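*Asks:* After the structure tokens below, expect a handful of questions from me.
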Amino acid sequence: MSVRATARLRAVRDGRGGTALPVLESDGPLALRRTRSPLAADARVTLVGAMSAPLNGDRLAVEAEVADGARLTVRSAAATVALPGARPDTGPATYAVDLSVGEGAALHWLPEQLVSARGSDLHMTTRVELAAGARLVLREEQILGRHGEPTGALTTRLTVRRAGRPLLDQQMAYGPGAPAGWDGPAVLGGHRAVGQLLVADPGFTDARLPARPIGPTAALTPLAGPAVLVTAVAADARLLRRTLDDALDELLAGLKAHHHG
3 MSVRATARLR AVRDGRGGTA LPVLESDGPL ALRRTRSPLA ADARVTLVGA
53 MSAPLNGDRL AVEAEVADGA RLTVRSAAAT VALPGARPDT GPATYAVDLS
103 VGEGAALHWL PEQLVSARGS DLHMTTRVEL AAGARLVLRE EQILGRHGEP
153 TGALTTRLTV RRAGRPLLDQ QMAYGPGAPA GWDGPAVLGG HRAVGQLLVA
203 DPGFTDARLP ARPIGPTAAL TPLAGPAVLV TAVAADARLL RRTLDDALDE
253 LLAGLKAHHH G
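Residues in the sequence shown are numbered from 3 upward in steps of one, following the working numbering.
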């Protein structure tokens, strides 16, 4: 039997200069747990997988709202593994992530990798609505196949709007059924780990960065708004994470220097 589940969370500014979580609703395999944050003004939530999911045919969703002035970091406890399930006729699984970040609010969305196992079929969508003064750090990583196996079918789409206007709309498809060339030199070039890092911050309005390569398999691209996109491929999850972490450290250090300059 297919699973339908939606987890919801809402972060708001409390009266003591911190962030409260008046909504923290888990559902089915999606368990949300508040965890301790090293920063008093921030809230931190960990997404814990309560069962194997998504299987083909499942319908999963996560909705997160960060109200004006609030600060939230969301991580996951482990990688999400897309699996084929017991029945071949259930159709693809869907996993929808909807994020909203208000004026003066900040969201760090940093889940662990999504692994596309052999025989799985997953359509994943991430939609983000940003206020004009919102800040966002969003990381997505896909691992195409477990060790020694081919990838499943995976389609991902990331759509971001800022102040009601499009900032980014990107869709990729991998594995069986994907357009020819998805594994060719113009896309993955034989790599099995792919990821992107999006950093949106009003500070980029005055401190625009030029497009440039980051090492041999990653690139930084400024967007038509105060945001930067880093796209990377790598041989494995460890190398991919290192590349994106190094890029994030550099971007945040540059923003910090700009704010203090």
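Built from N, CA and C at the ideal position, the CB exists for glycine as well.
Given the structure is predicted, the values throughout are model-derived calculations rather than measurements.
Just to confirm the assignment: which complete alpha helix (DSSP H) runs, minimum length 4, are found wholly within the region 172-211?
*Replies:* Counting whole runs of 4 or more residues, the region 172-211 contains no alpha helix (DSSP H) stretch at all.
*Asks:* Give every residue of the same chain whose Cβ lies closer than 6 angstroms to the Cβ of A108, excluding the five residues on either side of it in the sequence, and list them in chain order.
*Replies:* Taking the sequence shown and counting its residues from 1, the one referred to as residue 108 is at position 106. Only R73 and R137 meet the Cβ criterion.
*Asks:* So what does DSSP say about L34, is it helix, strand or coil?
*Replies:* As a first step, residue 34 is located in the sequence shown; it is residue number 32 there, counting from the start. Of the three classes helix, strand and coil, the one that applies to L34 here is strand, per DSSP.
*Asks:* How about L124 and P56: are their beta carbons less than 8 angstroms apart?
*Replies:* Along the sequence shown, read from residue 1 onward, the residue named residue 124 stands at position 122. Along the sequence shown, read from residue 1 onward, the residue named residue 56 stands at position 54. Yes, they are a contact pair.
*Asks:* So, at 6 angstroms on beta carbons, what are the nonlocal neighbours of T161 in its own chain, with the 5 sequence-adjacent residues on each side left out?
*Replies:* In the sequence shown, the residue the question calls residue 161 occupies position 159. Closer than 6 angstroms at the Cβ level, and outside the excluded window around T161, lie R129 and D171.
*Asks:* Assuming the contact rule is C-beta atoms closer than 8 angstroms, A7 and G30 should be a hit. Round their C-beta distance to whole Å, please.
*Replies:* Position 5 of the sequence shown holds residue 7. Position 28 of the sequence shown holds residue 30. Indeed they touch by this definition, with Cβ atoms about 3 angstroms apart.
*Asks:* Just the C-alpha distance for L146 and G17, rounded to the nearest angstrom, thanks.
*Replies:* Sequence index remark: in the sequence shown, residue 146 carries index 144 (1-based). Sequence index remark: in the sequence shown, residue 17 carries index 15 (1-based). About 45 angstroms.
*Asks:* Can R15 and G71 be called in contact, C-beta distance under 8 angstroms?
*Replies:* Here residue 15 refers to the residue found at position 13 when the sequence shown is read from its first residue. Here residue 71 refers to the residue found at position 69 when the sequence shown is read from its first residue. Yes, the pair counts as a contact, with Cβ atoms nearer than the cut-off.
*Asks:* In the structure shown, what three-state DSSP assignment does G51 receive?
*Replies:* By 1-based counting over the sequence shown, the position of residue 51 is 49. Three-state DSSP puts G51 in a strand.
*Asks:* Answer yes if the region 223-232 comes into contact with the region 195-206, meaning at least three C-beta pairs across the two stretches below 8 angstroms, and no otherwise.
*Replies:* They touch, by the three-pair rule.
*Asks:* May I have the straight-line CA-CA distance separating A33 from A175, to the nearest angstrom?
*Replies:* In the sequence shown, residue 33 corresponds to position 31, counting from 1. In the sequence shown, residue 175 corresponds to position 173, counting from 1. Looking at the two C-alpha atoms, the distance is approximately 28 angstroms.
*Asks:* Taking 7 angstroms as the limit between beta carbons, can you name the residues of its chain near V25, skipping five residues before and five after?
*Replies:* For the purposes of this step, residue 25 is taken as the residue at position 23 of the sequence shown. Counting only Cβ-Cβ distances below 7 angstroms, and skipping sequence neighbours, we find R10, L11 and R12.
*Asks:* Locate the beta strand (DSSP E) running through L62, then write down its first and last residues.
*Replies:* Here residue 62 is taken as the residue at index 60 of the sequence shown, counted from 1. From DSSP, the beta strand (DSSP E) with L62 extends over R61 to V68.
*Asks:* Give the range of the beta strand (DSSP E) segment to which D123 is assigned.
*Replies:* The sequence position of residue 123 within the sequence shown is 121, counting from 1. From DSSP, the beta strand (DSSP E) with D123 extends over D123 to L132.
*Asks:* Tell whether a beta-carbon distance below 8 angstroms holds between G233 and A221.
*Replies:* Against the sequence shown, residue 233 aligns to sequence position 231. Against the sequence shown, residue 221 aligns to sequence position 219. Correcting the residue identity first, residue 233 is Thr in this sequence and not Gly. Yes; because the gap between Cβ atoms is below 8 angstroms, this pair is in contact.
*Asks:* Considering Q144, what are the terminal residues of the beta strand (DSSP E) in which it resides?
*Replies:* For the purposes of this step, residue 144 is taken as residue 142 along the sequence shown, with counting starting at 1. First-last of the beta strand (DSSP E) with Q144: R137 to L146.
*Asks:* Taking Cβ to Cβ, would you say E27 is nearer than 8 angstroms to A80?
*Replies:* In the sequence shown, residue 27 corresponds to position 25, counting from 1. In the sequence shown, residue 80 corresponds to position 78, counting from 1. Going by C-beta atoms, E27 is not nearer than 8 angstroms to A80.
*Asks:* Going by C-alpha to C-alpha distance, which of L49, V50 and T21 sits closest to P40?
*Replies:* As a position in the sequence shown, residue 40 is number 38, starting the count at 1. Of L49, V50 and T21, the residue nearest in Cα terms is T21.
*Asks:* T153 to P94, Cα distance in whole Å?
*Replies:* To locate residue 153, count along the sequence shown from 1; it is residue 151. To locate residue 94, count along the sequence shown from 1; it is residue 92. If you take the alpha carbons of T153 and P94, they lie about 14 angstroms apart.
*Asks:* Return the first residue and the last residue of the beta strand (DSSP E) that R15 is part of.
*Replies:* Residue numbering aside, residue 15 sits at position 13 when the sequence shown is read from its first letter. Residues R6 to R15.
*Asks:* Under DSSP, the beta strand (DSSP E) around R73 begins and ends at which residues?
*Replies:* Position 71 of the sequence shown, counted from the first residue, corresponds to residue 73. That run of the beta strand (DSSP E) goes R73 to S78.
*Asks:* What residues match up with T157 in a beta bridge as DSSP calls it?
*Replies:* Taking the sequence shown and counting its residues from 1, the one referred to as residue 157 is at position 155. H125 and A175.
*Asks:* Straight-line CA distance for S122 to A239?
*Replies:* Position 120 of the sequence shown, counted from the first residue, corresponds to residue 122. Position 237 of the sequence shown, counted from the first residue, corresponds to residue 239. Those two C-alpha atoms are separated by around 19 angstroms.
*Asks:* So, are the CB atoms of T127 and S78 less than 8 angstroms apart?
*Replies:* Locating residue 127 in the sequence shown gives position 125, counting from the first residue. Locating residue 78 in the sequence shown gives position 76, counting from the first residue. In this structure, S78 does not lie closer than 8 angstroms to T127 by Cβ.
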